[in-house]
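In what follows, a single structure is set out as structure tokens and then discussed.
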């Protein structure tokens with residue numbers, strides 16, 4: 049029986065990981081929340097990783113705007129702590145699957161970013177996450193996996209889809225930006241893919257390195273909001289398109305966050321399904 053450690057188990061993705069793993073009798077799962085394990089503490093991390101075959105790191109600083117004012121604190125969690133985990137995995141012989149972000153890219157592309165595209169973050173959050181990616185690549189060149197995701201939504205945490213549904217009951221009209229493109233990704237489907245990658249890694253079918261864990265297809269926040277309204281039987285004409293400059297934020301956002309998925313085929317795994325079908329399943333409460 050393989051032994052699996054999941055960090056960040058209290059978050060949106062972490063909770064979905066535990067839901068996917070609960071029926072796996074061939075895996076012994078240890079789940080840690082922020083209260084259970086301080087991943088910025090190297091000694092605590094070494095003790096937690098010891099005895100495990102794989103670590104899935106779903107813990108992260110996710111406050112993008114907050115990172116602009118507190119970059120050192122964000123990097124401590126998204127960079128230094130990831131190095132702690134990767135170093136502990138290297139010392140114990142464990143594999144590591146680390147969740148990263150599209151924000152490592154500048155967002156100025158016109159076609160999907162391949163896994164080996166040059167990185168160049170435009171904000172502090174992206175820089176902090178890139179530091180974590182580099183730590184995994186440096187410390188675990190033969191057993192480290194980085195899975196970049198984007199536009200994540202799910203049942204267990206704040207996200208755009210939940211916000212649109214809440215605002216639908218509070219406002220008659222909603223202005224939503226139509227000049228940022230990405231891939232809305234259901235956290236439950238990403239959790240399934242992370243577990244599948246774990247299986248492939250343990251079986252020796254998946255080469256280490258970077259994978260892109262986002263839904264197929266692409267859209268804008270405006271069209272995503274309209275899709276949410278349609279699926280819930282609401283009038284999509286209540287949503288009006290606007291531009292990002294109408295909503296100034298402390299952290300710059302990439303305008304193009306579409307990722308390519310070529311590396312899954314080499315691991316004998318399918319990329320995630322189209323964002324539309326996943327959104328319909330998520331809102332219908334299927335696969336639960």
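Numbering (our numbering), first residue to last: 49 to 336. We put the beta carbon where it would ideally sit given N, CA and C, even for glycine.
Checklist entry - Buried or exposed: which applies to residue 168, given that a residue is buried once 16 or more other Cβ atoms fall within 10 Å of its Cβ? => result With a threshold of 16 other beta carbon atoms within 10 Å, residue 168 falls short and is exposed.
Checklist entry - What first and last residue would you give for the alpha helix (DSSP H) that runs through residue 270? => result Here the alpha helix (DSSP H) through residue 270 covers 269-279.
Checklist entry - Should residue 126 and residue 205 be called a contact, given that it needs their Cβ atoms to be closer than 8 Å? => result It is not a contact, given that the beta carbons lie outside the stated cut-off.
Next on the checklist: Please classify residue 253 as buried or exposed, where buried requires at least 16 neighbouring CB atoms within 10 angstroms.
Outcome noted: exposed
Item to check | Own chain, CB closer than 8 Å to residue 225, minus 5 neighbours either side, in chain order | outcome: 268, 269, 270, 289, 290, 291, 292, 294, 295
Checklist entry - At what residue ranges does the segment 170-213 contain a whole run of the alpha helix (DSSP H), taking only runs of 4 or more? => result 172-187
Item to check | Completely contained alpha helix (DSSP H) runs for the segment 79-167, where each covers 4 or more residues | outcome: 90-97, 112-117, 119-123, 129-140
Checklist entry - How big is the Cα-Cα spacing for residue 308 and residue 237? => result For the pair residue 308 and residue 237, the Cα-to-Cα distance works out to about 17 Å.
Item to check | Cβ pair residue 64, residue 202 closer than 8 Å | outcome: Yes. Within cutoff.
Item to check | Secondary structure of residue 334, DSSP reduced to three states | outcome: Because residue 334 sits at a pLDDT of 46, beneath the cut-off of 50, its placement in the model cannot be relied upon, and the following sentence gives the value as read from the coordinates. Here residue 334 sits in coil by DSSP.
Checklist entry - Taking the continuous alpha helix (DSSP H) assigned at residue 66, which residues delimit it? => result 60-69
Checklist entry - Mapping DSSP to helix, strand and coil, what is residue 289? => result strand
Checklist entry - Any idea if residue 27 is buried or exposed, counting beta-carbon neighbours within 10 angstroms, 16 or more meaning buried? => result In this structure the chain extends from 49 to 336, so residue 27 is not present and cannot be described.
Next on the checklist: Suppose you measure from the CA of residue 301 to the CA of residue 212; what does that come to, to the nearest Å?
Outcome noted: 19 Å
Next on the checklist: Let me check understanding here. Comparing Cα to Cα, which of 232, 249, 78 lies closest to residue 323?
Outcome noted: 232
Checklist entry - Which one of 85, 256, 320, 140 has the shortest CA to CA distance from residue 235? => result 320
Next on the checklist: Between the alpha carbons of residue 92 and residue 74, how many angstroms are there, rounded?
Outcome noted: 26 Å
Checklist entry - Pairing CB atoms from the segment 136-144 with CB atoms from the segment 152-172, are three or more of them under 8 Å? => result no
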